[in-house]
Amino acid sequence: METLHGRLEGVAPGRAMLLTRELSVTVDELWRWITESERTARWYGPWRTTDGMDPRVGDEVLVTMSEEESDQESGMRIEACQPPALLALASTAPAPFDWPITLTCEPRTAGSAITLRHGRIPADVPLGDLGAGWEFYLARLVAAVEGTHSPGFEECLATYGPQYAALG
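First residue of the sequence shown? That's 29 in our numbering, and the numbers climb one at a time after it.
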């Protein structure tokens with residue numbers, strides 16, 4: 029069985045899911061993969077600012093997740109941006125879906141690592157789907173950066189879903 033890249037911290041409603049993946053690129057290169065729309069489009073989805081200007085802390089960006097059933101844009105507010113180490117976002121969806129997401133980039137001997145932290149997960153949110161979803165998108169990031177194959181969502185759900193569900 030494939031090993032989880034994530035873990036759960038805390039208890040609801042403050043619990044958080046953290047997932048870490050290593051890549052063979054520098055932290056600066058990894059930063060571009062999580063902040064440039066033409067690159068995020070290749071693994072997560074394109075984004076745009078609401079005013080057409082360069083994004084700044086406090087601004088809202090509209091993201092279209094490339095692998096979801098709907099092509100509807102979702103709002104994300106930039107809470108913190110410290111290149112090339114930290115990008116903190118908060119969904120502008122109504123509670124309880126106004127989750128904070130933090131992406132942290134760190135150098136490693138053979139490249140870099142990204143840690144995604146999905147916070148404030150309510151007790152009634154199925155961890156199997158959530159964990160498998162983040163495994164899926166981070167696998168797409170690794171595949172886009174490294175030029176390798178990425179598993180589909182159903183494969184990630186079958187592989188990781190039961191393991192994440194057991195964490196809850």
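In this text, a Cβ means the ideal position worked out from N, Cα and C, and glycines have one as well.
All figures in this text were calculated on a predicted structure; none of them were measured in a lab.
What did DSSP end up calling residue i once you bin it into helix, strand or coil?
i, result
"Pro190", "helix"
"Leu32", "coil"
"Gly156", "helix"
"Trp162", "helix"
"Val173", "helix"
"Glu50", "strand"
"Ile129", "strand"
"Ser178", "coil"
Less than 8 Å between the C-beta atoms of residue i and residue j, yes or no?
i, j, result
"Arg76", "Leu90", "yes"
"Leu117", "Arg105", "yes"
"Gly196", "Leu144", "no"
"Glu64", "Thr187", "no"
"Ser140", "Ser119", "no"
Can you tell me whether residue i is buried or exposed, with buried defined as 16 or more other CB within 10 angstroms of its CB?
i, result
"Glu174", "exposed"
"Ala160", "buried"
"Glu163", "buried"
"Ala167", "buried"
"Met202", "Any question about residue 202 goes unanswered here, given that the chain covers just 29 to 196."
"Arg84", "exposed"
Out of the options, which one is the CA nearest neighbour of residue i?
i, options, result
"Tyr72", "Ala193, Leu169, Gly196", "Leu169"
"Thr54", "Asp87, Ser94, Asp99, Ala113", "Ala113"
"His133", "Glu37, Gly38, Arg60", "Here residue 133 is Cys; the residue named in the question, His, does not match the sequence. The option with the nearest alpha carbon to Cys133 is Arg60."
"Thr48", "Gly42, Arg35, Gly147, Glu57", "Arg35"
- prompt: What are the start and end residues of each continuous beta strand (DSSP E) run of 3 or more residues lying completely inside the segment 61 to 149, in chain order?
  reply: 75 to 77, 88 to 91, 102 to 110, 114 to 119, 128 to 136, 139 to 146
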